[in-house]
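Colleague: Numbered per the working numbering, the sequence shown spans residues 425 to 790.
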Amino acid sequence: MIWLSVVAFLGSLLTAAGVLRWAQDHAGNYGHGMPQRFHHGDVPRLGGLAMLVGIALSWGLGRLTSGLGDPSSLHMGPWVLWWLLALLPAVVGGMVEDVTQRLAPRYRLLLSALTALMAVGLLGLQLPRLDLPWLDGLLAAAPWLGVFIALLAVTGLPHAFNIIDGYNGLAGMVAIIVCLALAHVALQVGDRGLAAVLVSTAAATGGFLVWNYPRGMLFAGDGGAYIWGVVIALGSLALVQRNPQVSPWFPMLLLIYPVWETVFSMYRKLVRGVSPGMADALHFHQLIYRRIVRRVLHGDAARRMLKRNNRTSPYLWAFTLLTVVPAVLFWSYTPVLIAFCLLFMVSYVVAYLAIIRFKVPGWLQP
425 MIWLSVVAFL GSLLTAAGVL RWAQDHAGNY GHGMPQRFHH GDVPRLGGLA
475 MLVGIALSWG LGRLTSGLGD PSSLHMGPWV LWWLLALLPA VVGGMVEDVT
525 QRLAPRYRLL LSALTALMAV GLLGLQLPRL DLPWLDGLLA AAPWLGVFIA
575 LLAVTGLPHA FNIIDGYNGL AGMVAIIVCL ALAHVALQVG DRGLAAVLVS
625 TAAATGGFLV WNYPRGMLFA GDGGAYIWGV VIALGSLALV QRNPQVSPWF
675 PMLLLIYPVW ETVFSMYRKL VRGVSPGMAD ALHFHQLIYR RIVRRVLHGD
725 AARRMLKRNN RTSPYLWAFT LLTVVPAVLF WSYTPVLIAF CLLFMVSYVV
775 AYLAIIRFKV PGWLQP
């Protein structure tokens with residue numbers, strides 16, 4: 425597992441260096457008037473390509489060693505190749521958008537849905553239970569509901585990660601934390617193959633982050649966000665489906681930040697009469713940038729924006745850890761996990777309203 429992680433890290437790191445050296449021309453296609461833009465200059469957005477190369481090399485090596493006697497007992501069967509194949513529609517579509525800025529959101533959503541259909545069809549994924557008796561009875565009576573939830577998760581989570589991918593290191597570090605938390609529980613229940621896939625994904629993300637944080641030389645783009653979303657969605661479903669001792673609310677609590685950010689964003693846009701697919705600059709991380717991380721003094725505008733950008737991400741990393749720590753501690757206790765999910769949603773809304781109303785405590789402002 426360590427060697428697979430080294431391969432993933434180096435594959436991603438070196439491919440990213442190649443992108444920076446030979447594939448920067450597309451960066452000029454990203455408009456300067458975009459509401460999500462919080463940087464100066466034209467930065468390449470093909471970090472997803474770097475991570476895809478690292479993941480493909482690592483997973484391919486893992487599958488090869490498992491087929492040649494499996495000396496590490498990783499049990500990385502043919503399902504690993506199906507994971508990689510299912511990734512491609514959403515990720516390639518995201519990278520086309522990163523390069524051209526011309527792939528409409530509805531087409532990216534359709535490609536994500538195609539990835540979900542492939543994943544469910546090739547891997548037989550579904551949500552088998554919710555550990556709530558009345559809902560489990562409903563799932564048993566109508567198994568297609570579990571399949572539908574799996575399709576919804578694999579389709580939607582990539583876009584949730586795309587929403588929180590706004591500042592250097594933000595979504596990448598969240599992805600690493602979530603992947604390692606899922607891998608930890610996978611190891612607890614003896615699912616070494618799944619743990620290897622998740623750890624190597626975290627390692628590939630680390631290779632990308634070398635260039636992304638804190639210097640902001642390369643962005644993950646839609647392709648990178650879709651890799652994180654799809655892999656984590658597949659990992660979450662597989663972990664719960666393969667291991668009945670793992671509560672289905674464990675991955676829910678791990679991912680409550682990007683999921684609730686997406687749901688709340690859709691709600692506030694609908695209330696304002698705006699399409700949920702319309703980009704804006706009112707996400708939680710953007711409010712932290714605008715209203716909390718303000719006191720950065722530097723004569724050069726580009727460096728001042730970079731410093732503010734870098735100081736925003738740690739707030740959200742800490743916010744994520746507030747859910748990850750209890751999730752890892754109570755991964756098999758459904759009532760506790762549900763309670764923490766509800767607590768997070770309430771805390772998020774309270775914090776959002778406090779920032780909107782300029783009622784942020786002084787000690788939170790650097």
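The beta carbon of each residue, even a glycine, is placed where N, CA and C say it ideally should be.
1) Enumerate in chain order the residues of its own chain whose CB-to-CB distance from residue 675 is below 6 Å, with the five nearest sequence positions on each side excluded.
2) Do residue 748 and residue 601 come within 8 Å of each other at the CB atom, strictly closer than that value?
3) Just to confirm the assignment, what range does the alpha helix (DSSP H) spanning residue 596 have?
4) Here's a check: name, in chain order, each residue in its chain whose Cβ is nearer than 6 Å to the Cβ of residue 511, leaving out the five neighbours to either side.
5) Ordered along the chain, which non-local residues of its own chain (more than five positions away) have a Cβ less than 6 Å from that of residue 542?
6) Leaving out five residues on either side along the sequence, give the residues of the same chain with a beta carbon under 8 Å from the beta carbon of residue 489.
7) Can you give me the start and stop residues for the alpha helix (DSSP H) that residue 636 sits inside?
8) Can you confirm whether the region 706-717 touches the region 676-693 when touching is taken to mean that 3 or more C-beta pairs between the two stretches lie within less than 8 Å?
9) Quick one: measure Cβ to Cβ for residue 647 and residue 470, integer angstroms, because I've assumed they're closer than 8 Å.
10) What number of angstroms, rounded off, separates the C-alpha of residue 487 from the C-alpha of residue 548?
11) Does the Cβ-Cβ distance between residue 619 and residue 607 come in under 8 Å?
12) Whose C-alpha, out of 434, 672, 692 and 764, is nearest the C-alpha of residue 560?
13) For the alpha helix (DSSP H) containing residue 582, list its first residue and its last residue.
14) What does the alpha-carbon distance come out to for the pair residue 645 and residue 503?
15) Excluding five sequence neighbours on each side, which residues of the same chain lie with their C-beta closer than 6 Å to the C-beta of residue 438?
16) I'd like to know whether the C-beta atoms of residue 702 and residue 444 end up nearer to each other than 8 Å.
17) State buried or exposed for residue 744, treating a residue as buried only when at least 16 other CB atoms are found within 10 Å of its CB.
18) By DSSP, does residue 516 sit in helix, in strand, or in coil?
19) Based on Cα-Cα distance, which residue from 491, 704 and 667 lies nearest to residue 755?
20) Between residue 690 and the rest of its own chain, which residues show a CB-CB distance below 8 Å, the 5 nearest in sequence each way excluded?
21) Taking the alpha-carbon positions, what's the residue 775 to residue 587 distance?
22) What span of residues does the alpha helix (DSSP H) with residue 776 cover, start to end?
23) Specify the secondary structure class of residue 640 as computed by DSSP and reduced to three states.
24) On the CB-based measure, 16 or more other CB atoms within 10 Å of its CB, does residue 633 come out buried or exposed?
25) Measuring only the C-alpha atoms, how far is residue 714 from residue 565?
26) Quick one: what does DSSP say residue 709 is sitting in, helix, strand or coil?
27) Given this structure, state the Cα-to-Cα distance separating residue 580 from residue 532, to the nearest angstrom.
28) Just to confirm, is the Cβ distance from residue 518 to residue 472 under 8 Å?
29) Using the three-state DSSP reduction, which class does residue 827 fall into: helix, strand or coil?
30) Grab me the residues of residue 477's own chain with a C-beta within less than 7 Å of its C-beta, minus the 5 sequence neighbours each way, in chain order.
31) Label residue 524 either buried or exposed according to how many other C-beta atoms from any shown protein chain fall within 10 Å of its C-beta, with 16 as the threshold for buried.
32) Does the beta-carbon of residue 704 have 16 or more other beta-carbons within 10 angstroms, so that it is buried, or is it exposed?
Modeller: Looking at the coordinates:
1) 660
2) yes
3) 594-612
4) 654
5) 510
6) 495, 496, 498 and 500
7) 616-636
8) yes
9) So it is a contact: roughly 7 Å between Cβ atoms.
10) As the crow flies, the alpha-carbon of residue 487 is around 19 Å from that of residue 548.
11) yes
12) 672
13) 568-588
14) 27 Å
15) none
16) no
17) buried
18) DSSP places residue 516 in the helix class (H, G or I) of the three-state scheme.
19) 667
20) 700
21) 18 Å
22) Counting along the chain, the unbroken alpha helix (DSSP H) around residue 776 starts and ends at 758-780.
23) coil
24) buried
25) So the alpha carbons of these two residues sit roughly 49 Å apart.
26) helix
27) Roughly 11 Å separates the two Cα atoms.
28) yes
29) Only positions 425 to 790 of the chain appear in this structure, which leaves residue 827 out of reach.
30) 435, 436 and 439
31) With fewer than 16 Cβ atoms within 10 Å of its Cβ, residue 524 is classed as exposed.
32) exposed
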